[in-house]
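Chains as they are written, first to last, in my numbering: chain A, 16 to 375; chain B, 16 to 375; chain C, 16 to 375; chain D, 16 to 375. Glycine is no exception: its CB is placed at the ideal position from the N, C-alpha and C atoms. Take a look at the structure set out below.
Protein chains: 4
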Amino acid sequence: MSSSFGTLLRVTTFGESHGRAVGAVLDGLPAGLALGEADIQAQLDRRRPGQSTLTTDRSEVDQVRILSGVDHGRTLGTPIAMRVENRDQRPGDYGEMDTVPRPSHADYTYRVKYGIAASSGGGRASARETIGRVAAGAVADKWLRENFGIDIVAWVTTVGDIAAPNLNLETLSRQSVDAHPARCPDPKTAARMAELIAAVREAKDSVGGIVACVCRNVPAGLGEPVFDKFEALLAQAMLSIPAAKGFEIGSGFAAARMRGSVHNDPFIEKSGRLGTATNHSGGIQGGISNGEPIVFRVAFKPPATIGLPQETVDYQGRPATLEARGRHDPCVVPRAVPIVEAMAALVIGDLILRQQARGR
Amino acid sequence: MSSSFGTLLRVTTFGESHGRAVGAVLDGLPAGLALGEADIQAQLDRRRPGQSTLTTDRSEVDQVRILSGVDHGRTLGTPIAMRVENRDQRPGDYGEMDTVPRPSHADYTYRVKYGIAASSGGGRASARETIGRVAAGAVADKWLRENFGIDIVAWVTTVGDIAAPNLNLETLSRQSVDAHPARCPDPKTAARMAELIAAVREAKDSVGGIVACVCRNVPAGLGEPVFDKFEALLAQAMLSIPAAKGFEIGSGFAAARMRGSVHNDPFIEKSGRLGTATNHSGGIQGGISNGEPIVFRVAFKPPATIGLPQETVDYQGRPATLEARGRHDPCVVPRAVPIVEAMAALVIGDLILRQQARGR
Amino acid sequence: MSSSFGTLLRVTTFGESHGRAVGAVLDGLPAGLALGEADIQAQLDRRRPGQSTLTTDRSEVDQVRILSGVDHGRTLGTPIAMRVENRDQRPGDYGEMDTVPRPSHADYTYRVKYGIAASSGGGRASARETIGRVAAGAVADKWLRENFGIDIVAWVTTVGDIAAPNLNLETLSRQSVDAHPARCPDPKTAARMAELIAAVREAKDSVGGIVACVCRNVPAGLGEPVFDKFEALLAQAMLSIPAAKGFEIGSGFAAARMRGSVHNDPFIEKSGRLGTATNHSGGIQGGISNGEPIVFRVAFKPPATIGLPQETVDYQGRPATLEARGRHDPCVVPRAVPIVEAMAALVIGDLILRQQARGR
Amino acid sequence: MSSSFGTLLRVTTFGESHGRAVGAVLDGLPAGLALGEADIQAQLDRRRPGQSTLTTDRSEVDQVRILSGVDHGRTLGTPIAMRVENRDQRPGDYGEMDTVPRPSHADYTYRVKYGIAASSGGGRASARETIGRVAAGAVADKWLRENFGIDIVAWVTTVGDIAAPNLNLETLSRQSVDAHPARCPDPKTAARMAELIAAVREAKDSVGGIVACVCRNVPAGLGEPVFDKFEALLAQAMLSIPAAKGFEIGSGFAAARMRGSVHNDPFIEKSGRLGTATNHSGGIQGGISNGEPIVFRVAFKPPATIGLPQETVDYQGRPATLEARGRHDPCVVPRAVPIVEAMAALVIGDLILRQQARGR
């Protein structure tokens with residue numbers, strides 16, 4: 016009962032990896048946006064697995080179909096249903112998992128919660144669930160860009176111990192992020208990240224990382240005190256992404272070490288509006304955007320599925336050794352980039368509608 | 016339109032620092048809980064200002080009144096309205112702020128959002144708003160403790176550069192936390208924190224910190240995939256607290272540096288149920304509690320109001336120097352402890368009701 | 016968990032007849048409305064018991080206090096908490112009801128639902144709960160009137176078999192409605208209604224009635240297909256009022272007997288906009304207002320508490336005779352008038368905000 | 016932003032008549048229900064057009080596909096997405112409506128609300144939107160029947176001036192309702208209704224009617240005071256159905272004419288529980304079910320699309336004559352029967368989950 020997110024711009028996702036399809040219904044988007052499947056496909060292609068090895072024909076996988084809400088290439092203001100078929104339903108593939116819950120996976124908790132042992136394990140905990148988010152987010156993103164000039168760019172800022180240097184947040188673009196498969200816009204760091212990921216894969220292990228995101232041209236005044244503060248909704252949105260373990264806005268955890276005299280962002284005059292000289296606030300004060308770029312970071316854990324043998328127990332508590340077969344992502348952060356962008360777009364879109372509701 | 020939080024256990028807070036009262040309405044709590052004002056007052060006393068200097072008569076300030084929802088000392092299952100009067104409404108006190116927005120405060124963003132310049136500045140951004148949260152959280156906390164044995168303890172784990180050592184999460188108690196006004200259960204660290212806070216106050220500056228929290232005996236199966244995952248709701252709840260800048264669950268940002276082979280929590284048999292040998296997951300897998308302790312941390316920035324002069328601009332963009340007068344908290348984390356506990360209790364209470372709804 | 020109503024303009028009511036107070040929190044109203052307690056008191060006075068016999072000093076009863084959300088006589092855009100104290104808490108008065116549930120009352124169902132036997136019976140089923148609705152509705156009503164020229168007038172159209180003739184919906188006013196205590200704006204009918212009510216009271220019985228309502232100057236475009244259609248939200252709002260048994264919009268149940276050629280409302284040109292020649296639609300087509308007056312009716316049952324002896328059974332199923340003591344309203348519809356207006360104002364206010372959210 | 020209904024059992028519908036598909040996502044249904052497409056198809060077949068003339072191959076039209084939420088024939092507890100393709104998208108068919116809004120249709124109001132002139136007119140106001148409701152309702156209905164023995168039966172009680180006699184509410188079944196295409200379980204009345212509908216069709220006109228519904232074996236204790244009272248949610252649900260103009264529970268509008276001494280339902284002992292001797296309450300007291308059958312009625316207007324010429328104006332206010340071409344239903348009530356049942360099932364299912372949440 017929680018596959019929906021948002022108050023006025025509301026996404027509902029559906030689908031397990033082993034069913035017919037995954038997708039989303041996006042309700043509340045105003046009418047009149049020019050929208051085609053290609054607009055959505057672009058972000059889905061950035062999310063899909065296997066993209067960087069170029070072994071798969073892109074046009075064949077995770078192809079989105081718009082089922083409703085668009086007429087003559089324009090949104091109607093009605094629910095936009097989007098569907099991506101599951102081409103590859105392998106219900107037999109998870110045999111061992113019927114008896115042994117994978118450590119740090121959702122197998123065990125789903126079974127406890129729902130009281131059933133599904134062949135798809137924690138079907139909604141699958142990375143495939145995020146397809147619906149990315150599709151809906153791509154629609155919101157286009158609406159934000161065309162109507163408000165809002166520009167959302169996420170990138171990989173750390174993989175394991177390798178961290179990107181400080182980047183110019185004004186010039187970062189999705190293009191510069193995608194220049195390297197690691198999705199770090201600093202080429203040298205990206206290369207090192209790619210090496211680390213390759214080494215980890217070789218070792219049949221996995222590694223975590225951090226995705227950063229900047230949202231430019233977000234108007235001041237967005238965010239709904241006191242529980243739907245801008246950063247509170249972002250935090251919920253980001254922590255709802257599979258494998259996310261942490262969220263910080265602006266100075267984040269570093270703020271805990273700082274003095275107020277350093278942390279405070281003095282106001283300055285910026286071409287007719289008030290801006291701030293620094294942006295430790297991350298563009299948000301009192302839960303409301305102040306017109307500066309929204310800047311936040313999301314920490315992701317290393318993927319739980321690894322090829323290395325793991326000593327654990329089965330559902331009956333008997334010792335068992337688990338070795339994952341097949342191909343698994345050794346690091347999720349490059350593919351998490353469009354997911355983070357999608358969730359940011361959904362949050363911002365919702366907050367714009369909620370602020371517009373005031374009629375100001 | 017966002018002063019409410021929760022789906023089934025739902026709190027609505029109200030009140031500005033300059034109005035007649037602040038408070039909360041808690042709807043959805045099942046009937047039959049023994050509840051008196053003293054149960055709520057205890058946590059309010061831990062939140063109120065001035066408590067550690069002992070200069071104020073505690074029984075006189077922030078006294079809660081239950082207006083509804085309780086009859087003959089038992090909850091009725093109907094909305095519990097709670098009110099705390101504002102004794103000290105000083106509308107004249109903020110004269111300078113009418114013209115100069117305080118850096119990193121909500122003055123400016125509230126004015127942009129709501130289109131008015133209230134004498135109370137961003138009235139709902141005041142720390143006083145958290146009274147309603149703490150009152151409602153105290154009710155939820157008692158219900159969780161008495162009906163499920165759930166035990167929520169938060170503490171100060173860092174102030175500035177001073178960090179507590181690893182603590183035994185099984186034995187921590189509110190009593191041990193309150194043994195020192197800094198609310199760090201490690202006495203030596205607490206003393207150093209107190210020294211730092213005193214020095215910062217002396218310097219007319221402020222300092223940030225981190226509050227950690229452990230929730231014990233939380234049953235497995237709580238959390239609503241995919242958007243209302245346990246950690247996602249906790250993240251929203253915590254980032255909605257004034258001055259919060261970051262949230263992390265379990266391994267948190269440290270997970271980004273780890274390998275899966277280290278991070279994964281192997282299952283082990285624990286007296287008839289499955290437990291985990293380590294708890295990097297922080298008690299949550301796939302958005303659902305696994306029966307291990309829920310462990311998370313919240314970063315708070317240094318308070319924005321400082322005595323040091325700040326160079327900034329007024330609402331018209333003209334240079335101005337701001338110097339805060341009066342007494343202000345140089346560090347919020349000791350008082351944030353009961354707020355973090357309150358928000359955790361509200362999240363857990365809501366998730367229990369939502370899981371019970373399944374009839375399992 | 017359902018004491019809240021509305022999506023963007025959201026009221027939460029609280030209070031039982033035997034607690035300290037009843038009231039409401041209204042969240043989401045835009046800032047800047049001039050508001051004082053007198054604005055709210057006027058509608059509360061129209062709701063309160065005993066008003067037409069003039070035996071009570073009005074200024075003493077059901078006096079509202081605004082606790083928050085208003086500063087210097089203007090709304091802040093933050094939650095407006097309003098409270099009315101209960102002066103007359105008689106917990107001992109319901110002795111017999113501890114053992115015998117009143118027929119057609121909520122005593123039995125509340126006990127089944129909440130699992131407790133409260134001294135206040137179904138405390139939230141008390142007419143006193145509607146104080147919070149009327150207070151919140153009065154605020155919404157003022158906002159609608161001053162900002163949009165919306166004019167909501169309800170009146171008593173039938174009591175028992177006595178029905179008012181067709182009235183001019185363009186000239187009806189609250190003043191004309193209040194000209195007679197029966198709140199029927201047709202004086203002759205009102206007199207007959209008053210006679211009937213007196214006779215029913217004399218007979219220790221009660222009688223039902225119908226309240227009609229017209230909302231003028233409601234802009235076209237309000238209503239949220241498909242589940243929050245204008246008439247759907249009105250229906251929910253009205254059926255949530257104690258003792259309501261039916262709702263109809265426009266032609267209502269009479270539509271079931273009509274032919275389409277008669278029922279259809281042809282469009283005509285009305286001073287630069289499209290209007291309709293007739294208004295069988297009641298101002299709503301496809302769930303969306305069309306600019307014509309919103310017209311609806313609400314049926315109320317006869318009050319369940321009557322002086323006549325009733326043969327029933329106690330909670331153990333043993334035969335019992337119930338005779339209500341004290342003074343009870345023999346007919347609720349005159350006092351229901353401001354409640355219907357309040358709920359209509361809350362629905363319309365919410366739908367305006369939701370439509371404004373589209374930025375059109 | 017209102018295509019969702021329900022708090023815990025939550026349906027989201029999507030689709031216009033001229034898009035690729037219509038459908039629904041049902042979120043919140045507990046895991047473990049045996050469910051196949053045939054279970055849903057049965058109710059869809061009762062809803063679809065053309066069914067009683069038997070000219071169309073049933074297996075070809077409005078065929079539902081389950082996209083998610085079901086695995087190995089059992090619900091997973093995750094969102095159940097269902098889709099019905101639109102076979103017959105005729106965007107060119109509505110040419111005249113581009114310039115002339117149909118009287119008492121949603122053409123005009125949709126244009127005002129959404130600011131666009133869609134080829135599908137008020138696409139979501141189409142009867143086709145109800146496919147999603149019926150599909151989701153069929154799932155809820157099966158769950159209610161199998162887990163709680165709840166039995167929901169709706170039927171046509173009036174068409175125009177022809178009204179069914181009082182029926183035995185204990186023995187009515189969907190089978191007896193479907194015995195005649197008019198869906199009135201009294202054969203003689205059904206025949207007269209069919210004659211009237213035929214005559215109205217012949218006259219190129221349309222006619223209204225009333226659908227009644229009984230829900231048996233609904234447990235006592237359902238309904239969420241004060242705004243989500245059982246009858247309040249039913250009223251919203253029913254008034255959200257296209258063409259609905261009125262709702263009444265139990266005695267309904269007739270209650271307005273009754274005395275309390277007659278209307279009150281005395282309690283009696285019924286095989287170990289309290290029941291009532293009469294059921295003017297319609298199974299609900301104080302907004303909460305009392306264990307007696309839930310009985311309500313919904314009034315539907317005559318369909319707006321008629322073959323008779325109508326004098327109206329175009330969007331520019333210029334006189335125009337409208338004559339609908341093609342085949343249109345002259346009376347909606349026979350097909351509304353499964354829609355009413357679906358909405359009732361969704362309401363009851365949601366209220367059961369909400370009551371179970373209390374853990375009682």
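The three-state secondary structure of B:V362, taken from DSSP, is helix. Counting of Cβ neighbours within 10 angstroms places B:G51 among the exposed residues, the total staying below 16. For A:A235 against A:G302, the beta-carbon gap comes to about 12 Å, at or over 8 Å, which does not count as contact.
From the listed residues C:R126, C:L237, C:P196, the smallest Cα separation to C:R62 is found for C:P196. Only exposed fits A:S286, as fewer than 16 other CB atoms lie within 10 angstroms of its CB. With respect to chain C, the C-beta atom of A:R89 has no partner C-beta closer than 7 Å. Taking a C-beta cut-off of 7 Å against chain C, the contacting residues of the stretch 37-59 of chain A are P45, listed in chain order. D:I354 and D:S19 have their alpha carbons spaced roughly 16 Å apart. Here DSSP, grouped into helix, strand and coil, assigns C:K128 to helix. By the CB criterion at 7 Å, C:R369 and C:L23 fall inside the cutoff.
One thing to note: A:F315 has its Cβ within 7 Å of the Cβ of A:A259.
Under DSSP, C:G224 takes part in a beta bridge, and its partners are C:V174, C:F315. The Cβ neighbour count for A:T28, taken over all protein chains shown within 10 Å, is at least 16; the residue is labelled buried.
Look at A:I264: its C-beta is under 7 Å from a C-beta on chain B. The beta carbon of B:P349 sits closer than 7 Å to those of V171, P196, A197, R198, all from its chain and outside the five residues before and after it, given in chain order. Taking C-beta atoms as the reference points, C:G223 and D:A351 fail to come closer than 7 Å. C:Q331 and D:A179 have their C-alpha atoms some 38 Å from each other. A contact between stretches requires three or more CB pairs, one per stretch, nearer than 8 Å, and the stretch 247-265 of chain D meets this requirement with the stretch 138-150 of chain D.
C:E326: member of the beta strand (DSSP E) spanning 325-328, first to last residue. Under DSSP, B:M97 forms a beta bridge with B:A39, B:I81.
If only complete runs of 4 or more residues are kept, the stretch 175-263 of chain C shows the alpha helix (DSSP H) at 189-193, 202-217, 245-254, in order along the chain. Bounds of the beta strand (DSSP E) holding D:R288 are 288-291.
Around C:R189, no beta-carbon contact reaches into chain A at under 8 Å, the shortest distance being about 26 Å. Annotation: the continuous alpha helix (DSSP H) that includes A:E161 extends over 145-163. Apart from the 5 residues on each side of it in sequence, B:K244 sits with its Cβ closer than 7 Å to the Cβ of G238, G302 in its chain, given in chain order.
Secondary structure at C:S276: helix, using DSSP grouped into helix, strand and coil. When the beta-carbon positions are compared, C:A335 and C:V115 come within less than 7 Å of each other.
The stretch 161-168 of chain D and the stretch 179-194 of chain D touch, with three or more beta-carbon pairs separated by less than 8 Å.
Membership of B:A53 in the alpha helix (DSSP H) is indicated by the continuous run 52-62. Beta-bridge partners assigned by DSSP to D:S17: C:V241.
Residues of the same chain with their beta carbon placed closer than 6 Å to that of C:T186 are lacking, with the five preceding and five following residues left out of the count. Sequence-distant Cβ neighbours of A:I321 in its own chain, meaning closer than 7 Å and more than five residues away, are K219, D220, S221, A339.
Its chain contains G265, S266, H278, D280 as the residues whose beta carbon lies nearer than 6 Å to that of C:H295, once the 5 sequence neighbours on both sides are disregarded; these appear in chain order.
Think of a sphere of 9 Å around the beta carbon of A:A155: no beta carbon from chain C falls inside it, the nearest being about 14 Å out. For A:E338, the three-state secondary structure derived from DSSP is coil.
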